[in-house]
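Just add 242 to wherever you are in the sequence shown, counting from 1, and you've got this note's numbering. We put the CB at the ideal spot given by N, CA and C, even for glycine. Everything numeric in this text was worked out from a predicted model, so none of it was measured.
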Amino acid sequence: MKWSSILIIVFLLAGCIPKSYIETLGIITAVGYDLTEDQRIRGTLVMYQFDTDQSSTSQVVTGEADTSKGIRFATSRLTSHQLVSGQVRLEIFEDELAKRGMMKYMDTLQRDAAISDMGYLATSSVPSEELLKSENDEDRPNTGNYIQELIKKSISEEAIPNAVLTSFLHDYYDTGKDPILPSLTLEDNKAVINGISLFQDDRYVHTTSHENTFYIMLMKQQFDHGQFQVQLADDALKKYHKKESIDKPGEGALHVSIHELNSEHEIHPSKGDPTKQSFTLKMEGRLLEITQDIDLKNREAVEALEKQIENKVKEHLQETLQILIDHQVDPVGFGAKYNTQNRTNRVTKENWRQQIPNLEVDFDVSFKLLRYGISE
C-alpha cells in the first residue's frame, strides 16, 4: 500500500511538469553578423531542427535588425521552431561591422547565460552570410559546424591563437594589450582561414598574412609542437653542399621546413620607458625537409644552418613588429608586460596607443636543430 501511494504521487507530479519537445526547437549553433548598406545588422543563423521521422537536419535563416538581439525576433518569423541559443559555439563578424567596434556585441554575448563563453569568435573578409551558406563537402552537418571544427583544429595545431570569447574579453580588458581573432574568407566557395585580425581595443583594423600570423604567435605565446617554413638565401649554405652535388647546376631556392617546434620567450621592458624593450626567444625543432643537398653530417654545416635560421627569424620578427607599429596595435602585450614590472609611468589604454609608434624591440633569437630530416 505504501509503494502504491508513492507511485501515484510520482505520476501526479510528473503530470504537472510542462513538457518541451525537442522537435519544436530550432537550436542555434552558429551566428554571423554583417553590416547592410543602410547601416543595419544582417544576422545569419545556423540551427539544428529535429524530426522524429528522420535524423537531425539543419537550416540557415537570415534577418535584419538594428541590434544583435533584434536578429532573434527578425528570424523567428521565418521558422515554425522555437529558437534557442544554448548551443551557440561560433560567432562570425564581417570586417566592415567589426570596424565599428566589437564590444557592443561582446557585451551581449557575455551577458547571455545561454551562450557558452567558450564559443569561438572570428571575423570575415566576405559577408558571413556567404560563409555560412557556402558549400560543405566534408563530413559535417553544416558549414557552421565545419568552420567551428576548422578553428578548433587550427588552434590545437598552433596555427592560430586561441579564439574563444573569454580570450577576446581578457585581452580587451587587459591594459597594454589588444585582442586578435582568426580571419575567414571564401576560396572556391569554401570557408578557409586566411590570417588573423588585429584590433585597436575592440575595433578591427587589419588582417595579417599566414607568415605574419606565425611570427605574432611566436611573440605572443610558447610553442609545444608547432611547425614553420623559412626561405634562406640561395647560396647561404653553398660551401656545405655534398661533394657529389657541387658540380650540379641550378640548386634552386633554399627552403627549410621545421616541425615539432618548441619555443619559449622572455620580454624585458626598460625601466621607466615602455617603448624600449628586449625580447629573448629560444627555439628548437626537428628538420623535416631542406631543398638543397647539404652535408648535414658536417657539424659546421648544421651550425651554419642554425645561424641562418636565427637571422631569418629575427628579420621576420622585426618586419612583423613593424606591421603592428604601423597599425598601432599590441597583441603581444608589450604594454601590459611593462606595467607588471614598473610602478611608475605606467601605461594606460589611451597613452599606450599613442606610444606604440615609438616602440623599439631588440630581438635575441637562438635556434637549435634537434634532428636531421630528408633532402629533396
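Handout entry: Proximity of Gln464 and Asn504 at Cβ, strictly below 9 Å
Key = The residue labelled residue 464 in the question sits at position 222 within the sequence shown. The residue labelled residue 504 in the question sits at position 262 within the sequence shown. It is a contact, given that the beta carbons lie within the stated cut-off.
Handout entry: DSSP three-state assignment for His507, whether helix, strand or coil
Key = Taking the sequence shown and counting its residues from 1, one reaches residue 507 at position 265. The answer is strand: DSSP assigns His507 an E or B state.
Problem - Given 8 Å, three or more beta-carbon pairs between the segment 418-431 and the segment 524-542 - result: no
Practice task
Please report the residue range of the beta strand (DSSP E) in which Lys610 lies.
Solution key: Locating residue 610 in the sequence shown gives position 368, counting from the first residue. Element bounds for Lys610: 602-613.
Handout entry: alpha helix (DSSP H) segments (min. 4 residues) lying fully within the segment 365-411
Key = 370-374, 385-398
Practice task
Go ahead and pull the three-state DSSP assignment for Lys524.
Solution key: Position 282 of the sequence shown, counted from the start, is the residue given in the question as residue 524. Lys524 falls in the strand class under three-state DSSP.
Practice task
Hey, could you find the ends of the beta strand (DSSP E) Thr533 is sitting in?
Solution key: Taking the first residue of the sequence shown as 1, we reach residue 533 at position 291. Careful: Thr533 lies outside any beta strand (DSSP E) and carries neither H nor E.
Practice task
Throw me the rounded Cβ distance for the Val555 and Val472 pair, which I believe falls under 8 Å.
Solution key: Taking the sequence shown and counting its residues from 1, one reaches residue 555 at position 313. Taking the sequence shown and counting its residues from 1, one reaches residue 472 at position 230. Right, their Cβ atoms sit about 7 Å apart.
Handout entry: Assigned exposure category for Pro599 - 16 Cβ within 10 Å defines buried
Key = Residue mapping note: residue 599 aligns to position 357 of the sequence shown, counting from 1. Exposed, since its Cβ has fewer than 16 Cβ neighbours within 10 Å.
Practice task
Can you tell me the Cβ-Cβ gap for Leu332 and Ala272, rounded? I've got them flagged as a contact below 8 Å.
Solution key: The residue given as residue 332 occupies position 90 in the sequence shown. The residue given as residue 272 occupies position 30 in the sequence shown. Their Cβ separation, rounded to whole angstroms, is 4 Å, which keeps Leu332 and Ala272 in contact under 8 Å.
Problem - Rounded separation between Ser279 and Leu374 - CA only - result: Here residue 279 refers to the residue found at position 37 when the sequence shown is read from its first residue. Here residue 374 refers to the residue found at position 132 when the sequence shown is read from its first residue. Sequence check: residue 279 is Glu here, not Ser. Each residue's alpha carbon lies about 20 Å from the other.
Problem - Alpha-carbon to alpha-carbon, Asp420 and Thr304 - result: Indexing the sequence shown from 1 puts residue 304 at position 62. Indexing the sequence shown from 1 puts residue 420 at position 178. In a straight line, the C-alpha of Thr304 is about 31 Å away from that of Asp420.
Problem - beta strand (DSSP E) segments (min. 3 residues) lying fully within the segment 420-459 - result: 422-429, 432-442, 445-449
Exercise for the section: Starting from Gln518, follow its DSSP beta bridges and name the residues at the other end. Expected result: Here residue 518 is taken as the residue at index 276 of the sequence shown, counted from 1. Looking at the sequence provided, one finds Lys at residue 518 rather than Gln. DSSP output for Lys518 lists Glu602 as bridge partner(s).
Practice task
Using a Cβ-Cβ cut-off of 9 Å, state whether Leu426 counts as contacting chain D.
Solution key: No chain D appears in this structure, which consists of one protein chain only.
Practice task
Can you give me the start and stop residues for the alpha helix (DSSP H) that Glu548 sits inside?
Solution key: Here residue 548 corresponds to residue number 306 of the sequence shown, with the count starting at 1. Taken as a continuous stretch (DSSP letters only), the alpha helix (DSSP H) holding Glu548 covers 541-568.
Problem - Assigned secondary structure, Arg342 (DSSP; H/G/I helix, E/B strand, else coil) - result: By 1-based counting over the sequence shown, the position of residue 342 is 100. In the structure shown, Arg342 sits in coil (DSSP, three-state: anything other than H, G, I, E or B).
Problem - Close beta carbons around Gly468, own chain, < 7 Å, minus the five adjacent residues each side - result: For this step, residue 468 is matched to residue 226 along the sequence shown. Excluding positions up to five away in sequence, the list reads Glu400, Leu503.
Problem - Local Cβ density within 10 Å of Pro260, reported as buried at 16 or more and exposed below that - result: Position 18 of the sequence shown, counted from the start, is the residue given in the question as residue 260. Residue placement at Pro260 cannot be trusted, given a pLDDT of 48 that sits under 50; what the coordinates show is reported in the next sentence. Pro260 should be labelled exposed.
Practice task
Give the single residue among Asn387, Asp413, Gly418, Phe410 whose Cα lies nearest to the Cα of Gly577.
Solution key: Position 335 of the sequence shown, counting from 1, holds the residue named residue 577. Residue Gly418 is the option with its Cα nearest to Gly577.
Exercise for the section: Report yes or no: do the segment 511-522 and the segment 601-612 share at least 3 C-beta pairs separated by less than 8 Å? Expected result: yes
Problem - Terminal residues of the alpha helix (DSSP H) in which Phe470 lies - result: Taking the first residue of the sequence shown as 1, we reach residue 470 at position 228. Element bounds for Phe470: not the alpha helix (DSSP H) but the beta strand (DSSP E), 468-474.
Exercise for the section: Check whether the Cβ atoms of Ile438 and Ile422 lie closer than 9 Å to each other. Expected result: The residue you call residue 438 lines up with position 196 of the sequence shown. The residue you call residue 422 lines up with position 180 of the sequence shown. Result yes, Cβ atoms of Ile438 and Ile422 sit closer than 9 Å.
Practice task
Report the three-state DSSP secondary structure of Gly312 (helix, strand or coil).
Solution key: Here residue 312 corresponds to residue number 70 of the sequence shown, with the count starting at 1. Correct three-state label for Gly312: helix.
Exercise for the section: Please report the Cβ distance between Gly343 and Asp444, rounded to the nearest whole angstrom; I am assuming they are in contact, meaning their Cβ atoms lie under 8 Å. Expected result: The count along the sequence shown starts at 1 and reaches residue 343 at position 101. The count along the sequence shown starts at 1 and reaches residue 444 at position 202. About 5 Å; that satisfies the 8 Å criterion.
Handout entry: 8 Å CB neighbourhood of Asp489 in its chain, flanking five on each side removed
Key = For this step, residue 489 is matched to residue 247 along the sequence shown. For Asp489, the pLDDT reaches just 49, beneath the cut-off of 50, and the residue's location in the model is therefore unreliable, although a value from the coordinates is still provided. Within the same chain, Asp489 has no close Cβ partners at all.
Practice task
With DSSP as the reference, label Ala478 as helix, strand or coil.
Solution key: As a first step, residue 478 is located in the sequence shown; it is residue number 236 there, counting from the start. If DSSP states are grouped into helix, strand and coil, Ala478 belongs with coil.
Problem - Rounded C-alpha distance that separates Leu529 from Leu474 - result: If you number the sequence shown from 1, residue 529 lands on position 287. If you number the sequence shown from 1, residue 474 lands on position 232. Approximately 14 Å between the Cα atoms of the pair.
Problem - Alpha-carbon to alpha-carbon, Ile567 and Trp594 - result: Working through the sequence shown from its first residue, we reach residue 594 at position 352. Working through the sequence shown from its first residue, we reach residue 567 at position 325. C-alpha separation (whole angstroms): 12 Å.
Exercise for the section: Starting from Tyr362, follow its DSSP beta bridges and name the residues at the other end. Expected result: Locating residue 362 in the sequence shown gives position 120, counting from the first residue. Beta-bridge pairing links Tyr362 to Leu332, Val406.
Exercise for the section: Compare the beta carbon distance of Val571 and Val447 with 9 Å and say whether it is the shorter of the two. Expected result: One-based indexing of the sequence shown puts residue 571 at position 329. One-based indexing of the sequence shown puts residue 447 at position 205. It is a contact, given that the beta carbons lie within the stated cut-off.
Handout entry: Ala578 in three-state terms, based on DSSP
Key = Mapped onto the sequence shown, residue 578 falls at position 336. Ala578: helix per DSSP, three-state reduction.
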